[in-house]
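Visitor:
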Ligand SMILES: Cc1cc2nc3c(=O)[nH]c(=O)nc-3n(C[C@H](O)[C@H](O)[C@H](O)COP(=O)(O)OP(=O)(O)OC[C@H]3O[C@@H](n4cnc5c(N)ncnc54)[C@H](O)[C@@H]3O)c2cc1C
Ligand code: SF4
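Numbering (the working numbering), first residue to last: 5 to 513.
(1) By the 10 Å Cβ neighbour count, where 16 or more other Cβ atoms means buried, how is residue 446 classified, buried or exposed?
(2) If we ignore side chains and look at the alpha-carbon of each, how far apart do residue 251 and residue 192 end up?
(3) Can you round the beta-carbon distance between residue 92 and residue 113 to whole angstroms, since I take them to be within the 8 Å contact cut?
(4) Are the region 55-68 and the region 226-237 touching, with three or more C-beta to C-beta distances below 8 Å?
(5) Given residue 279, which residues of its chain have a CB within under 6 Å of its CB, disregarding the five upstream and five downstream residues?
(6) Ligand 2 and residue 432: does the residue's C-beta get closer than 8 Å to at least one heavy atom of that ligand?
(7) Three-state secondary structure (DSSP) at residue 336?
(8) Starting from the Cα of residue 38, find the closest Cα among 86, 202, 318 and give me that residue.
(9) Given the structure, does residue 315 come close to ligand 1, in the sense that its CB is under 8 Å from one of the ligand's heavy atoms?
(10) Could you check whether the Cβ of residue 9 sits closer than 8 Å to any heavy atom belonging to ligand 1?
(11) Return yes when the C-beta of residue 448 is under 8 Å from any heavy atom of ligand 2, and no when it is not.
(12) Per DSSP, which residues does residue 100 bridge with? Please list them.
(13) Answer yes or no: the CB of residue 285 versus the heavy atoms of ligand 2, is any distance below 8 Å?
(14) If you draw a straight line from the alpha carbon of residue 148 to that of residue 202, how long is it in whole angstroms?
(15) Assuming residue 4 and residue 318 are in contact, meaning their beta carbons sit under 8 Å apart, how far apart are those beta carbons, in whole angstroms?
(16) Relative to ligand 2, is the shortest distance from any of its heavy atoms to the C-beta of residue 510 smaller than 8 Å?
(17) Less than 9 Å separating the beta-carbons of residue 441 and residue 353?
(18) From residue 504 to residue 334, what does the alpha carbon distance come to, in whole angstroms?
(19) Near residue 155, which residues of its chain fall below 7 Å by C-beta distance, leaving aside the five closest residues on each side in sequence?
(20) Run the proximity test for residue 272: is its beta-carbon closer than 8 Å to any non-hydrogen atom belonging to ligand 1?
(21) Would you list the residues sitting across from residue 35 in a DSSP beta bridge?
(22) Please state the DSSP three-state secondary structure of residue 167.
(23) Using the three-state DSSP reduction, which class does residue 105 fall into: helix, strand or coil?
(24) Beta-carbon separation of residue 309 and residue 401 under 9 Å?
(25) Quick one: Cα of residue 238 to Cα of residue 272, how far?
(26) Hey, would you say the C-beta of residue 341 is under 8 Å away from at least one heavy atom of ligand 1?
(27) When DSSP builds the beta bridges, which residues end up paired with residue 128?
(28) Check whether the Cβ of residue 383 lies closer than 8 Å to any heavy atom of ligand 2, and answer yes or no.
(29) Note down the Cα distance separating residue 163 from residue 283, rounded to an integer number of angstroms.
(30) Please state the DSSP three-state secondary structure of residue 448.
(31) So, for residue 476: in the same chain, excluding its five sequence neighbours on each side, which residues have a beta-carbon less than 7 Å away from its beta-carbon?
(32) Short check: CB of residue 474 to CB of residue 507, under 9 Å?
(33) Taking the alpha-carbon positions, what's the residue 510 to residue 351 distance?
(34) Can you tell me which of 174, 82, 311, 217 puts its alpha carbon nearest to the alpha carbon of residue 289?
(35) Got a sec: does ligand 2 put a non-hydrogen atom nearer than 8 Å to the Cβ of residue 445?
(36) Within 10 Å of its beta-carbon, does residue 414 have 16 or more other beta-carbons around it, so buried, or fewer, so exposed?
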């Protein structure tokens, strides 16, 4: 029967808060969900991501039907090329007078959607994605007239707006930010809790089999699939985190270890980014844990800052600066991405661990992404586009709106400082301080040159040396540049030459 409204729900919008579903009349709407070729293949997505999304979409379709919606579901096997083709198929099979969509997370897709009305010969309404706590418009208003768009000030506004961790108009405990208490390295100070695996039903097992068959060359070991695929199971994951890991989250947020890929992190970005969890509910749940006395203020604030601050801020930056943001390469980084980024086979222990778990599990925590992998890419001057594509491909939570500001912006300083006030560049000493990888490594984090010297060390100084002019305009780099300049010419030349040797060796592996 012809329906009034077609509602296209994208794979990263699996939420009852979807703006078109909230007000829809199930009797008069057809919901379209489609596993299309273009979206599944525009990068070599990790199989964990594809399996999570396909299974979550199929579970969401079941839930929609239980609520009385007619659902047109097109599985990957049907080989529909694009989302527009899926809408055309639904139009031919069911018929609808208008199509309603929620704005997508990617610029590329929003551009495409703007052409759909002509193609479908129907009105296409693109609704604002109200699942974010700061709209694209809100962010642009906040950004208007500011010289620098620093996350901290945005975050304070958001704390006030949502009354999270506030005492009247003042921050709880008198401080906005407890980051200084959240930087401990890992020395095995306490037990890391064993994470339970969310339940896996026949539908998920079938998806895993199909994804393994259809994407044989993509990264991801699905024998380790451990993701929730329904909102209920994702909520259980959050509850587990709040009880067992949140109390330690702040303290060990920046820690690195051989002992666990997860440490005390939330493992919730993949759910937030596809609609299985809502950001405000997550923040409120964490605040409630603090108010009950289950965690310290530093832990709760540290976590809320990530979700309410960083996550909303990067999304705002993305839309504020697209499409230009994708073209920045301030440091002229063009060294080809080494092949071993796709295998994890390097003798640098910290990097090998971070790459391998990213490829196999689809997950690495923030410090691995930023200070191990990203830092290496920054120091070695790896090609910005290739690095971005790698990040977009390997992570279970990767979508361009969040990957782009984080990779060229935060990790690679390719945007020239729109996002970060200085490059996140660090030597092996930082990695040693933050964890236990160096003990298991064939390199010595204290050595800068010569056999056995940690490659991060000479590469760090190579980076400082080759960008000294650009960095000298940054007051936060003055001390480091001053120290480098005070060295003898011979010493500087020896370090730079050793770094060149390292770069040649790394390229040839
Ligand atoms: C180079 C690089 C690439 C990244 N790519 C992605 C990506 O593709 N998708 C993605 O969701 N996150 C990305 N991040 C941000 C962050 O690393 C992940 O959100 C986090 O590691 C996810 O794990 P978690 O849920 O255990 O996070 P936790 O450490 O438990 O943090 C809680 C939540 O805070 C949010 N958050 C924290 N930091 C950021 C941030 N910088 N940007 C956005 N959200 C943040 C996430 O939603 C996260 O789930 C990237 C960071 C870097 C440095
Ligand atoms: S010595 Fe260097 S390469 Fe090895 S784990 Fe430590 S920081 Fe990483």
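Don't be surprised by glycine CBs; every beta carbon is placed ideally from N, CA and C.
Guide: Answer, in terms of the structure:
(1) Within the chain shown, residue 446 is the residue found at index 442, counting from 1. By the neighbour-count rule (16 or more Cβ atoms within 10 Å), residue 446 is not buried but exposed.
(2) The count along the chain shown starts at 1 and reaches residue 251 at position 247. The count along the chain shown starts at 1 and reaches residue 192 at position 188. Cα to Cα, the separation comes out at about 16 Å.
(3) By one-based count along the chain shown, residue 92 stands at place 88. By one-based count along the chain shown, residue 113 stands at place 109. Not quite, the Cβ-Cβ distance comes to about 16 Å (not below 8 Å), so this is no contact.
(4) yes
(5) One-based indexing of the chain shown puts residue 279 at position 275. Once the five neighbours on either side are set aside, the close Cβ partners of residue 279 are 17, 18, 19.
(6) Mapped onto the chain shown, residue 432 falls at position 428. Residue 432 Cβ: within cutoff of ligand 2.
(7) For this step, residue 336 is matched to residue 332 along the chain shown. If DSSP states are grouped into helix, strand and coil, residue 336 belongs with coil.
(8) Position 34 of the chain shown, counted from the start, is the residue given in the question as residue 38. Comparing Cα-Cα distances from residue 38 to each of 86, 202, 318, the minimum goes to 86.
(9) For this step, residue 315 is matched to residue 311 along the chain shown. Yes, ligand 1 has a heavy atom inside 8 Å of this Cβ.
(10) Taking the chain shown and counting its residues from 1, one reaches residue 9 at position 5. It does not: the Cβ of residue 9 is nowhere closer than 8 Å to a heavy atom of ligand 1.
(11) Position 444 of the chain shown, counted from the first residue, corresponds to residue 448. Residue 448 Cβ: within cutoff of ligand 2.
(12) Position 96 of the chain shown, counted from the start, is the residue given in the question as residue 100. In DSSP, residue 100 forms a bridge with 7.
(13) Within the chain shown, residue 285 is the residue found at index 281, counting from 1. Checking the Cβ of residue 285 against ligand 2 gives no.
(14) On the chain shown, residue 148 is found 144 positions in, with the first residue counted as 1. On the chain shown, residue 202 is found 198 positions in, with the first residue counted as 1. Roughly 44 Å separates the two Cα atoms.
(15) Lying outside 5 to 513, the shown extent of the chain, residue 4 is not represented and no answer is given.
(16) Stepping through the chain shown from its first residue, residue 510 is reached at position 506. Residue 510 Cβ: outside cutoff for every heavy atom of ligand 2.
(17) The sequence position of residue 441 within the chain shown is 437, counting from 1. The sequence position of residue 353 within the chain shown is 349, counting from 1. Yes; because the gap between Cβ atoms is below 9 Å, this pair is in contact.
(18) Sequence index remark: in the chain shown, residue 504 carries index 500 (1-based). Sequence index remark: in the chain shown, residue 334 carries index 330 (1-based). Spanning the two alpha carbons is a distance of roughly 21 Å.
(19) Numbered from its first residue, the chain shown carries residue 155 at position 151. Result list for residue 155: 313, 314, 317, in chain order.
(20) Working through the chain shown from its first residue, we reach residue 272 at position 268. Under cutoff, so the answer is yes.
(21) Numbered from its first residue, the chain shown carries residue 35 at position 31. In the DSSP output, where bridge partners are listed per residue, residue 35 has 11, 75.
(22) By 1-based counting over the chain shown, the position of residue 167 is 163. In the structure shown, residue 167 sits in coil (DSSP, three-state: anything other than H, G, I, E or B).
(23) To locate residue 105, count along the chain shown from 1; it is residue 101. Reduced to three states, the DSSP call for residue 105 is strand.
(24) Position 305 of the chain shown, counted from the start, is the residue given in the question as residue 309. Position 397 of the chain shown, counted from the start, is the residue given in the question as residue 401. No, the pair does not count as a contact, with Cβ atoms beyond the cut-off.
(25) By one-based count along the chain shown, residue 238 stands at place 234. By one-based count along the chain shown, residue 272 stands at place 268. Their Cα atoms are separated by approximately 8 Å.
(26) To locate residue 341, count along the chain shown from 1; it is residue 337. Every heavy atom of ligand 1 is 8 Å or more from the Cβ of residue 341, so no.
(27) Taking the chain shown and counting its residues from 1, the one referred to as residue 128 is at position 124. Note: residue 128 sits in a beta bridge opposite 103.
(28) Walking along the chain shown from the start, residue 383 turns up at place 379. Checking every heavy atom of ligand 2 against the Cβ of residue 383, none is found closer than 8 Å.
(29) Here residue 163 refers to the residue found at position 159 of the chain shown. Here residue 283 refers to the residue found at position 279 of the chain shown. Cα to Cα, residue 163 sits roughly 13 Å from residue 283.
(30) Sequence index remark: in the chain shown, residue 448 carries index 444 (1-based). Reduced to three states, the DSSP call for residue 448 is strand.
(31) In the chain shown, the residue the question calls residue 476 occupies position 472. 485, listed in sequence order.
(32) In the chain shown, residue 474 corresponds to position 470, counting from 1. In the chain shown, residue 507 corresponds to position 503, counting from 1. No.
(33) Taking the chain shown and counting its residues from 1, the one referred to as residue 510 is at position 506. Taking the chain shown and counting its residues from 1, the one referred to as residue 351 is at position 347. Roughly 10 Å separates the two Cα atoms.
(34) Reading the chain shown from its first residue, position 285 is the one you call residue 289. Looking from the CA of residue 289, the closest CA among 174, 82, 311, 217 belongs to 311.
(35) If you number the chain shown from 1, residue 445 lands on position 441. The answer is yes for residue 445.
(36) Here the question's residue 414 lines up with position 410 in the chain shown. With 16 or more other Cβ atoms within 10 Å, it is buried.
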